[in-house]
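K.L.:
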Amino acid sequence: MGSEDVLKSASTLASYNVLLQVMFRVLTFLLNAFTLRFVSKELIGVVNVRLMLLYSTLVFLSREAFRRACLSSEGAGRNWRQVINLLWLTFPVGCVWGVLLVCVWWWVLQAPDPESIPHYVPAVGLFCLAALTELLAEPLWVLAHAHMFVRLKVIAESLAMIAKCLVTVVMVVSAPQWGLYIFSAAQCVYAGFLLLCYVLYFIHFLGSEEAESKLFPVSHITDLLPSRPLLNWKLTTLTWSFFKQSFLKQILTEGERYVMTFLNVLNFGDQGVYDIINNLGSMVARFLFLPIEESFYVFFAKVLERGRDVRHQKQEEVSMAAEVLEYLLKLVLLIGLIITVFGYAYSHLALDIYGGELLSSGAGPALLRCYSCYVLLLAINGVTECFVFAAMSKEEVDRYNLVMLGMSASFLLLSYWLTWMLGGVGFILANCCNMALRITHSIVYIHHYFLQSECTPLWGLRPHSAVIIALGVSSILTACSESMFCCDGGWLLRLVHVAVGAVCLLGVVVTAFFTETRLVQFVRTQLLLKYSKKHT
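Each residue of the sequence shown is one higher than the one before, starting from 1 at the first, in UniProt numbering.
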């Protein structure tokens, strides 16, 4: 597959992933708004912070390193039997992590009050079971991702998420007294549907004419089971390097949840409110920036030769990678700036509509305003680290592990200190500091990487001056509008405030459209592909 084809496939994957994540976040958004009317904020805190932290930790530590290693450029000319054997190790690794984490969640962490939040112990076991079920689909997921089976991921995860939402809604309405059993059953249904969809698809696909025409490396469903030759040791050592990195990255990614869970700086009710606002604030980052990062990591990993000097690679592909990186940086920067500007003036209104006084009173609006600034840093870091992880050699990855170790320790200390002083806002400020350090490291790496070439992808971090002026004017106008029209003057004045924001946003978008013409062309040709066209 040529670099142009890889770019086209990566762009298509990003586009489908964006749609998938939009649906996920919208469903989660509506589900949280619905369940807030039936369950306590303490129960939401236990589920969304304590139990989902167990789930995400187990799944991430068990599979992330295997995914990055098996999808990297070292896989060119790979023996897929060895890759599949390696991927099956995710399940026993998950079992080991599961035993360790369940013991910690049962006997080390303080359990919630059984009178107000019953069934905690079995809920921990059920969430662990759901995580292990999802890990069984990992060899199929990597095969599908490596061969750009875009629609499979969309359909599988969509059906799983819809099934989870249906189970949650039905059980919350019919049997709210079941508490944690509701969310445990819904998570098990999600993982089971996900595994079932992948298994059924490959049973249908393997041996078909379509598979033969594509020279698919696996011809029968039994070929997906472990077999000889056993392992590719080069890929195994790369996996170990990524594993050490993924352990630290998980601490950085979920750091505030670990601090809340292990240090008890917030009670379960405050954790529930913080988590709801965190989900609201990170919605765009998760459904837009993360899919772009994941999809274009595949592109950079296939176009660039890991750890090789830029002068000794094909200059055409280096130039393409630099150009794509520049466009991606500018795209996420503009989106992040828009979120920062408009998030400040509309946080209070958004929380009041979504959760009523429960969220809009107290520290809620301040939390969401701070998160709007954090989203800008998330946007830039996602793209820069996407490139860096695809270009680094194994030795550079190992060195970066030490850097991340230092950042992990400083982040945890800073988040504890700031939260002790400022409450939930302290978590967001600590995340901002941590993200700024990671961005700085990535920018320095990218600058040195392209130093011997004529490419300047970091110019993507310099938006047109007209866009900056439009954002500045919008910031002033929307802030004045909030002070005059929002949020105690009734719905008519709220609509006026919304209208002011809509006009300002339109002005910013039009300004960007006419000044960032190359970026607009990139978005049109690479990210806004026609979804009706078949890409498998």
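Yeah, the Cβ is synthetic: ideal placement off N, Cα and C, and Gly gets one too. All of these numbers come straight from a predicted model, not from anything done at the bench.
For the alpha helix (DSSP H) containing residue 221, list its first residue and its last residue.
P.N.:
First-last for residue 221: undefined, no H or E at that position.
K.L.:
Where does residue 314 fall in DSSP's three states?
P.N.:
Residue 314 falls in the coil class under three-state DSSP.
K.L.:
Which runs of the alpha helix (DSSP H), 4 residues or longer, sit entirely within the stretch 449–519?
P.N.:
The stretch 449–519 contains these whole alpha helix (DSSP H) runs: 465–485, 491–515.
K.L.:
What is the residue span of the alpha helix (DSSP H) that residue 125 lies within?
P.N.:
Element bounds for residue 125: 120–135.
K.L.:
If we ignore side chains and look at the alpha-carbon of each, how far apart do residue 72 and residue 161 end up?
P.N.:
Approximately 28 Å, taken between the alpha carbons.
K.L.:
Which value, in whole angstroms, describes the spacing of the CA atoms of residue 520 and residue 513?
P.N.:
Distance between the alpha carbons of residue 520 and residue 513 is about 6 Å.
K.L.:
Give the C-beta separation of residue 425 and residue 479 to the nearest angstrom, bearing in mind that I take them to be a contact with Cβ-Cβ under 8 Å.
P.N.:
Not a contact, Cβ separation roughly 19 Å.
K.L.:
Whose C-beta lies closer than 6 Å to the C-beta of residue 311 among residues of the same chain, with five residues either side of it excluded?
P.N.:
Counting only Cβ-Cβ distances below 6 Å, and skipping sequence neighbours, we find 452.
K.L.:
One question on the structure: do residue 326 and residue 457 come within less than 9 Å of each other, judged by their Cβ atoms?
P.N.:
Against a cut-off of 9 Å, the Cβ pair of residue 457 and residue 326 comes out as a contact.
K.L.:
Which of the three DSSP states is assigned to residue 442 in this structure?
P.N.:
Three-state DSSP puts residue 442 in a helix.
K.L.:
Taking the Cβ atom as the reference point for each residue, do residue 57 and residue 107 lie within a distance shorter than 9 Å?
P.N.:
Against a cut-off of 9 Å, the Cβ pair of residue 107 and residue 57 comes out as no contact.
K.L.:
Measuring CB atoms only, is the stretch 411–421 touching the stretch 379–395, in the sense that at least three cross pairs come out at less than 8 Å?
P.N.:
Verdict: no, contact absent.
K.L.:
With a threshold of 16 other CB atoms inside 10 Å of the CB of residue 438, please say whether the residue is buried or exposed.
P.N.:
Result: buried.
K.L.:
Does the distance between the C-beta of residue 186 and the nearest non-hydrogen atom of the ligand COA fall short of 8 Å?
P.N.:
What this structure holds is no ligand at all, so the ligand COA is not there to describe.
K.L.:
Ignore the nearest five residues each way along the sequence and tell me which others in residue 522's own chain have a CB closer than 7 Å to its CB.
P.N.:
Excluding residues within five positions, the ones whose Cβ falls inside 7 Å are 327.
K.L.:
Under 9 Å, do residue 127 and residue 184 count as touching if we go by C-beta distance?
P.N.:
A contact, by the Cβ cut-off of 9 Å.
K.L.:
Would you say the stretch 262–275 touches the stretch 358–373, given that touching needs at least three Cβ pairs under 8 Å?
P.N.:
The stretch 262–275, when compared against the stretch 358–373, does touch it at the 8 Å Cβ threshold.
K.L.:
Tell me, please, whether the stretch 488–505 touches the stretch 332–351 by the rule of three or more beta-carbon pairs shorter than 8 Å.
P.N.:
Yes, they touch.
K.L.:
Hey, how far is the Cα of residue 41 from the Cα of residue 49?
P.N.:
Looking at the two C-alpha atoms, the distance is approximately 11 Å.
K.L.:
Restricting to runs no shorter than 4 residues, where is the alpha helix (DSSP H) found entirely within the stretch 38–85?
P.N.:
If we require 4 residues or more, the alpha helix (DSSP H) runs fully inside the stretch 38–85 come out as 41–45, 52–70.
K.L.:
Counting along the chain, where does the alpha helix (DSSP H) carrying residue 97 start and finish?
P.N.:
Here the alpha helix (DSSP H) through residue 97 covers 90–103.
K.L.:
State yes or no: is the C-beta of residue 53 within less than 9 Å of the C-beta of residue 258?
P.N.:
Yes, Cβ-Cβ distance for residue 53 and residue 258 is below 9 Å.
K.L.:
Under 8 Å by Cβ, that's how I've got residue 375 and residue 336 pegged, so tell me the actual separation to the nearest angstrom.
P.N.:
Sure, about 6 Å apart at Cβ, within 8 Å.
K.L.:
My output table needs one value for residue 109: the three-state DSSP class, helix, strand or coil.
P.N.:
Note: residue 109 maps to coil in three-state DSSP.
K.L.:
Buried or exposed: which applies to residue 99, given that a residue is buried once 16 or more other Cβ atoms fall within 10 Å of its Cβ?
P.N.:
It is exposed - the Cβ of residue 99 has fewer than 16 other Cβ atoms within 10 Å.
K.L.:
Rounded to a whole number of angstroms, what is the C-alpha to C-alpha distance between residue 190 and residue 517?
P.N.:
Answer to the nearest angstrom: the Cα atoms are 42 Å apart.
K.L.:
Excluding the 5 residues flanking residue 230 on each side, which residues of the same chain have their C-beta closer than 8 Å to its C-beta?
P.N.:
Once the five neighbours on either side are set aside, the close Cβ partners of residue 230 are 82, 85.
K.L.:
Whole alpha helix (DSSP H) runs in the stretch 243–298 with 4 or more residues, listed along the chain?
P.N.:
Counting whole runs of 4 or more residues, the stretch 243–298 contains the alpha helix (DSSP H) stretches 255–263, 268–281.
K.L.:
From residue 485 to residue 507, what does the alpha carbon distance come to, in whole angstroms?
P.N.:
If I take the Cα positions, the gap works out to 21 Å.
K.L.:
Since residue 112 and residue 268 are thought to touch, with beta carbons under 8 Å apart, how far apart are those beta carbons, to the nearest angstrom?
P.N.:
Their Cβ separation, rounded to whole angstroms, is 6 Å, which keeps residue 112 and residue 268 in contact under 8 Å.
K.L.:
Between the C-alpha atoms of residue 358 and residue 167, what's the straight-line distance to the nearest angstrom?
P.N.:
Answer to the nearest angstrom: the Cα atoms are 26 Å apart.
K.L.:
Which of helix, strand or coil does DSSP assign to residue 179?
P.N.:
Residue 179: coil per DSSP, three-state reduction.
K.L.:
Measuring alpha carbon to alpha carbon, tell me which of 371, 283, 463, 203 ends up nearest residue 340.
P.N.:
Nearest option by C-alpha distance: 371.
K.L.:
What's the call for residue 380, buried or exposed, on a 16-neighbour Cβ count within 10 Å?
P.N.:
Burial call: buried.
K.L.:
Just the C-alpha distance for residue 432 and residue 352, rounded to the nearest angstrom, thanks.
P.N.:
Their Cα atoms are separated by approximately 25 Å.
K.L.:
Counting along the chain, where does the alpha helix (DSSP H) carrying residue 377 start and finish?
P.N.:
Counting along the chain, the alpha helix (DSSP H) containing residue 377 begins and ends at 364–391.
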